[in-house]
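For the sequence shown, the positions run -32 to -1, 1 to 650 when mature numbering (1 follows the signal peptide of the UniProt record, and there is no 0) is used.
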Amino acid sequence: MTGLLFPRISGGTTLLLVACVFLLAFAKPAHAFGAGNIASIARIEGRNFRHGDIEDAIKNLAFLGGAKWSAMNLRRVYFGNWLRDYSQALDVGTITKAQPSTIRVIVWVLAFMSFGYATAEFEVTEERLGVYRPEEHIDNPKDYADNTDARAYEPRLRPPVHPTELAIDPRTAMKNYIANEEGGWATSSGYVKHSLNRSIYYGRKYVAEGIEADLCEALRCLGQALHTMEDFSAHSNYVELALLEMGFQDVFPHTGAYTQVQVTDPNHYGRTVWPLVTGTFGAVDFYHSVLGEAQDKFTQSEIDEVNQTLGDAHTADRQGNECSTLRALLNQIPDTSALSNDAEKLERDAAAKEMENVHIDPSQYGSRAAAGSGGFDPEKTIRDIYPILEFRDKVMRKIEEIIEKIPGLMAIVERISESLTIFVMSLLAPYVQPLIARATLELQAGSSALIGTSAEHQWEVWSDPYSSDPTHSMLSKDHFSNILNSPAGQIAYSVVEYVVPRVLYAFEHPAVPVHEVLADVTAVFHHPALRDPRHELHTTMFNCVQTWVNNLPDRGSHLNAMLNSEAVKHGKNHTNGEVGGGAHGGHGKCSNGEWSKAEKVKKGGKKKKKEDTIEIGGMKIPTGALGALAGAGGGGKNQPGLQGLLGGVLQGFADQGSVDEYFAPFHCYLCGRGCGLMLTVV
């Protein structure tokens, strides 16, 4: 049992707080609501990693001023990280088939379902989403856009690849596009420096001026830099090279048999090593991760999942009349009458849109529709759905503004938001589902042929002894079936623990030279055979691999057999024996996003947990018992049911005029006086 002592608080604050508590009981249970079947890490035996798991490391670190990280600030960092994986949705292969605005709407809805917010700092703007850039993921740009100039389709895409970018830097034994910033080409280290320079700039502005928007931007930029650094161990052959350094001589380095290089760095001059490389990320990898074309038994297309989730929410809303529930509740909470009116208007608009859809031929949706033609205009859809997402954010921000100050009640907020989620997704359905239907057809057109022609490149490092350009799907450890996912994830976890405190220190200490911070943290990009034993990050990363090996039941005696050239070629480095399958997509679901709420509602009461109780003045009241009162219906002070109860309580506050006077019988268990309201969540 956790006792929560409330200090004296204002009448308005208490009114909203108590209203939030009663909303838990007032919300009607939702009906069948499904969310597809993309597997989560929890279903895979052993410890596996995705970006979301790695970002959990931040929770254990100090925030500014030594404070703890709030849930909102953690979301802000992860939002920046998450966006980088979804920027791949805007590339030559998709832009030539569907309108960029259409793709942005889909990613925006995905963001809402992952983070629970979609406006202000969580809005997926054109600038924040960006486009696919290989350096953001440390991808090998070889043959990008079939060696044409992709900027003809979108000016933000990268220019044609120069052969020197793909060469090995003899000083570092790494590909030039990773960290050689002397050639004028885009590098991953340069992207990280750009992102962290921007993060530190806005972080220092926030510390000096206290403007929340500056903090949001600083954390988003920190998140996008972390994404690239986390990708280093998963998208490169760093782990394999570390194993070779540890004596596992049969481990395949994912390069051709004649690709070893002689190092020219003075500290390691003349040493011969396999190069550190990353994989080429072609259209085949995008289709694997977004459209589900790989027939991966673990995954279902995220686009399909969004479509199903929206449809199920729409059905659930019709059965449960969530709008009426929300409006009745909002009418009882101070300063939310405008939100109640907004809910009614949004529902009317969504119903009108649904009727309009009945009369539109499917061929009118998507890129074939001209703006204003009566068909589908993605820019208009953006304008139409923004008020829906803004409404949801206003409600939740108002509630969380108060509740987050009382951590023991966060579970209640989560249950409140489940009902709101159904309503909002139901409103989105008639706008977004037609868009998804058309976009899926456009993006899948010709993808099978594309995948067939791309597959042949998977074997080049075996067929060409001079090739140092493996494919991402063969090399990547993003896939949780890859036996090296765990050490790669542990390395990324340690990188986050190293980088974040140094960046936040720079926020608070403007005298610290930014270039020194950037040089320190970008040391993540290094070859394990050339590591500097004096650099903490180098030592920590290598130790992650050593520790992983030492903790294996056989201390790694099976690794040579599972990771040699032929074993990798035939998928023995995957627990399910699959060949490849390492597409960008290492995020999974955010633990507190709309996906998880949808799944909870769908399961209903299948998995019973210990029921929450609310203790008022020493009396424990099960929230389920309060919920039973909702069936009586009604609303307002003179009506039966929970609405009447809530109205009476709120009116009681107004009649009394003094919070302390009203709650005088509720004594603090510490001081024995009527110092305010005490709730205990069990």
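We put the CB at the ideal spot given by N, CA and C, even for glycine.
Item: According to DSSP, what are the bridge partners of K143?; Value: I136
Item: Quick one: grab the DSSP three-state call for residue 656.; Value: This structure leaves residue 656 out entirely; the chain is present only between -32 and 650.
Item: Thinking C-beta only, is V241 closer than 9 Å to A497?; Value: yes
Item: Under 8 Å by Cβ, that's how I've got R119 and G98 pegged, so tell me the actual separation to the nearest angstrom.; Value: Incorrect: roughly 14 Å between the Cβ atoms, too far for contact.
Item: Alpha carbon to alpha carbon, what distance is there between K65 and D352?; Value: 23 Å
Item: Does DSSP put N453 in a helix, in a strand, or in coil?; Value: helix
Item: Around the C-beta of Y434, are 16 or more other C-beta atoms found within 10 angstroms, so that it is buried, or is it exposed?; Value: exposed
Item: Please report the distance separating the alpha-carbon of Y226 from that of H477.; Value: 49 Å
Item: Touching or not, the segment 458 to 465 and the segment 510 to 517, by the rule of three or more beta carbon pairs under 8 Å?; Value: yes
Item: So, with DSSP's three-state summary, where would you put H542?; Value: strand
Item: Are L244 and N41 closer than 9 Å when you measure CB to CB?; Value: no
Item: Where do the ends of the alpha helix (DSSP H) carrying N165 lie?; Value: S156 to E177
Item: Identify which residue in E504, N325, G171 and P438 has its Cα closest to the Cα of Y473.; Value: G171
Item: If we count the other Cβ atoms within 10 Å of its Cβ and call it buried at 16 or more, is Q217 buried or exposed?; Value: exposed
Item: Where does V241 fall in DSSP's three states?; Value: strand
Item: Identify which residue in L357, H447 and L443 has its Cα closest to the Cα of E315.; Value: L357
Item: On the DSSP bridge assignment, give the partners of T508 in chain order.; Value: DSSP lists no partner for T508.
Item: Any contact between the segment 147 to 161 and the segment 122 to 139? By contact I mean 3 or more CB pairs, one from each, below 8 Å.; Value: yes
Item: Under three-state DSSP, which class holds N108?; Value: strand
Item: Please state the DSSP three-state secondary structure of S204.; Value: strand
Item: For G84, which option in M364, G33, V517 and S204 has the closest C-alpha, if you only look at C-alpha atoms?; Value: M364
Item: With a cut-off of 8 Å, do at least 3 Cβ pairs link the segment 387 to 406 to the segment 59 to 79?; Value: yes
Item: Start and end of the alpha helix (DSSP H) containing P68?; Value: P68 to F83
Item: Should L194 be labelled buried (16 or more other beta-carbon atoms within 10 Å of its own) or exposed?; Value: buried
Item: If you follow the alpha helix (DSSP H) that M442 is in, where does it begin and where does it stop?; Value: H440 to L443
Item: When you compare the segment 520 to 534 with the segment 227 to 235, are there three or more beta-carbon pairs, one atom per stretch, that lie closer than 8 Å?; Value: no
Item: Are T93 and S436 touching if we call contact CB-CB under 9 Å?; Value: no
Item: List the endpoints of the continuous alpha helix (DSSP H) containing K537.; Value: S533 to K537
Item: Excluding sequence positions up to five away, which residues of its chain have a Cβ less than 6 Å from the Cβ of R502?; Value: none
Item: Roughly how many whole angstroms lie between the Cα atoms of V429 and F200?; Value: 20 Å
Item: In terms of DSSP beta bridges, what is T246 paired with?; Value: S204
Item: Does DSSP put V471 in a helix, in a strand, or in coil?; Value: helix
Item: Looking at C-alpha atoms only, which residue of F359, Q426, E368 and A491 is the closest neighbour of L395?; Value: F359
Item: Taking 8 Å as the limit between beta carbons, can you name the residues of its chain near I26, skipping five residues before and five after?; Value: W37, L42, V45, V464 and V468
Item: Can you list, in chain order, the residues of its chain with a C-beta nearer than 6 Å to that of R239? Leave out the 5 residues immediately preceding and following it.; Value: V231
Item: With 16 other CB atoms within 10 Å as the buried threshold, where does I179 fall?; Value: exposed
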